[in-house]
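For what it's worth, the working numbering labels the leading residue of the sequence shown as 238, then goes sequentially.
Below: the structure, in structure tokens.
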Amino acid sequence: MTRYVLAGDIGGTKTLLQLAAVESAAIDVVDVVLQKSYASADHRELGAIVQAFLHDAHFGKKIAAACFAVAGPVIGGRARLTNLPWQVDAEDIARRFAIPQVELINDFAAVGLGLERLSRDDLLTLQEGRRQQHGVRAAIGAGTGLGVTFLTWSGGRYIAHASEGGHADFAAANELQHRLLHHLRKRHGHVSCERVLSGPGLIAVYEFLCADDGRTCEIDVRSEHAAAQIAGLAKRDADSSAARALDLFVDVYGAYAGSLALITLASGGIYIAGGIAPKISAHLSDGRFLNAFLDKGRYAELLSKMPVHVVMNAEVGLIGAAAEAALFLA
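Set out below in structure tokens:
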């Protein structure tokens, strides 16, 4: 029997929704019926996007289950999004759209669940390592914010654990990073890793380095495209401050990924996901990221045995949310 699930990846920048068909005899196979992307800020709340999506789909059949991956902590089936003025309530969505089972999960927990369904072509390997079967996996990803999750094997499958690790303290590793930390502390008070490892973080790093270089920023840092412009200038070597900003960003990214690998003992691999990683994959794979990842003194050898991959499939969170929704049909 064919049943239908609704999956969503709700981010600060965009919301991806997917309607999928699932056969009762093979719930691990999800066939996409319709998928659309919406600008999150153009809508007052998630329900408005779901309503528009179902209207666009001209879908009259019953939806058996839904899972929405949201960028923020989920408590009691409710979530307040970190980078959007939205509150999402699973019971409200279930009632409004007559969906029997609705689950909210952390967006990076969904990324973790989606890893199982990726192919080798979806990954860029930075370090082969020696993957341990059923070993702990960890994922980190910079985008509008900074997501962190880890997965443990239990009951024949990986279980994703939600986290707000992106809001852990930023730890400066050298003199330049200490100056950056001091600069950001004057602006924000508490300086989390997300203040550096995110689109807004890259902009903040660029602003700091322009001032450090005694020059005016060449781009409008208030533009919604500023982070992409900084990365573009760095790739073309057209702006020395942009190049330094991307180098510093990659250094911090690698160092934090290495810390996460040690905290979780991720023998099953570290996965670098999020919206930024595929766009700067050349910089992540040139050795700089891995040098920072391994720069852990006595534990460099341990880290050298852990697989490290960049997730090139931007829809991994949506894939994970669909997989989670399908589990309701088991």
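Glycine is no exception: its CB is placed at the ideal position from the N, C-alpha and C atoms.
Start and end residues, alpha helix (DSSP H) containing residue i
| i | result |
| --- | --- |
| Phe334 | Ala327 to Phe334 |
| Tyr395 | Segment Arg394 to His398 is the beta strand (DSSP E) holding Tyr395; no alpha helix (DSSP H) there. |
| Tyr508 | Segment Gly506 to Ala510 is the beta strand (DSSP E) holding Tyr508; no alpha helix (DSSP H) there. |
| Ile440 | Gly436 to Asp449 |
| Thr501 | Ser477 to Thr501 |
| Arg424 | Glu412 to His425 |
| Glu455 | It is not in any alpha helix (DSSP H) - Glu455 carries neither H nor E in the DSSP assignment. |
| Ala278 | Element bounds for Ala278: n/a, residue is neither H nor E. |
| His203 | Nothing about residue 203 can be read from this structure; the chain reaches only from 238 to 567. |
| Ala529 | Arg525 to Leu531 |
| Ala514 | That residue, Ala514, is in no alpha helix (DSSP H); it is neither H nor E in DSSP. |
| Ala537 | Ala537 to Ser541 |
7 Å CB neighbourhood of residue i in its chain, flanking five on each side removed
| i | result |
| --- | --- |
| Arg535 | none |
| Asn550 | Leu355 and Asp359 |
| Ala357 | The amino acid occupying residue 357 in the given sequence is Arg; Ala does not appear at that position. Correct list: empty, nothing qualifies. |
| His420 | Phe445 |
| Glu328 | Gly314 |
| Lys181 | The question about residue 181 has no answer, for the chain in this structure spans 238 to 567. |
| Glu282 | Trp323 |
| His280 | Ile286 |
| Ile513 | Ala379, Gly380 and Gly436 |
| Val311 | Leu341, Ile342, Asn343 and Ala399 |
| Glu401 | Pro310 |
Contacting residues, own chain, Cβ-Cβ under 6 Å from residue i (five flanking each side not counted)
| i | result |
| --- | --- |
| Ala289 | none |
| Phe530 | Gly491, Ala494 and Gly495 |
| Asp488 | Ala529 |
| Asn450 | As written in the sequence, residue 450 is Asp, which differs from the Asn given in the question. Answer for Asp450: Ser478, listed in chain order. |
| Glu455 | Asp476 |
| Leu321 | Gly249 and Ser277 |
| Ala262 | Unreliable placement is indicated for Ala262, whose pLDDT of 49 sits below 50; no coordinate value is reported for it. |
8 Å Cβ cutoff met for residue i and residue j
| i | j | result |
| --- | --- | --- |
| Val242 | Val269 | no |
| Ala479 | Leu470 | yes |
| Ile377 | Leu497 | yes |
| Val547 | Leu363 | yes |
| Gly511 | Ala379 | yes |
| Ala494 | Ala410 | no |
| Leu483 | Gln255 | no |
| Ser277 | Gly309 | no |
| Gln272 | Ala302 | no |
| Glu431 | Gly403 | yes |
| Val325 | Phe345 | no |
| Asn343 | Ala257 | no |
| Tyr275 | Thr252 | yes |
| Ser435 | Gly382 | yes |
| Val553 | Leu352 | yes |
| Leu361 | Val307 | no |
| Thr386 | Gly438 | no |
| Gly245 | Ala560 | no |
| Ala287 | Ile330 | Going by the sequence as given, residue 287 is Val instead of Ala. Yes. |
| Thr501 | Ala347 | no |
| Phe407 | Val373 | no |
| Gly208 | Gln414 | This structure gives no information on residue 208, because the portion of the chain shown stretches from 238 to 567. |
| Leu521 | Ile509 | yes |
| Val442 | Leu417 | yes |
Bounding residues of the beta strand (DSSP E) (the contiguous stretch that carries residue i)
| i | result |
| --- | --- |
| Gln255 | Lys251 to Glu260 |
| Ala563 | Ala563 -> not in any beta strand (DSSP E); alpha helix (DSSP H) instead, spanning Val553 to Leu564. |
| Ile467 | Element bounds for Ile467: not the beta strand (DSSP E) but the alpha helix (DSSP H), Ala463 to Lys472. |
| His546 | Val545 to Val548 |
| Arg240 | Thr239 to Ile247 |
Contacting residues, own chain, Cβ-Cβ under 8 Å from residue i (five flanking each side not counted)
| i | result |
| --- | --- |
| Ile440 | Val458, Ala463, Ala464 and Ile467 |
Min CB distance residue i to chain E below 8 Å
| i | result |
| --- | --- |
| Gly245 | You won't find chain E in this structure, because it holds only one protein chain. |
heavy atom of the ligand FMN below 7 Å from residue i C-beta
| i | result |
| --- | --- |
| Gly506 | Here there are no bound small molecules, and the ligand FMN is not part of this structure. |
Q | Segments assigned beta strand (DSSP E), at least 3 residues, entirely inside the segment 285-347 | A | Runs found: 302-307, 315-317, 324-326 and 338-343.
Q) Do the segment 557-566 and the segment 512-529 touch if we need at least three Cβ pairs shorter than 8 Å? A) By the criterion of at least three beta-carbon pairs nearer than 8 Å, the segment 557-566 is not in contact with the segment 512-529.
Q) Which ranges does the beta strand (DSSP E) cover as unbroken runs of at least 3 residues, wholly within the segment 352-395, from first to last along the chain? A) Correct list: 360-364, 374-379 and 383-391.
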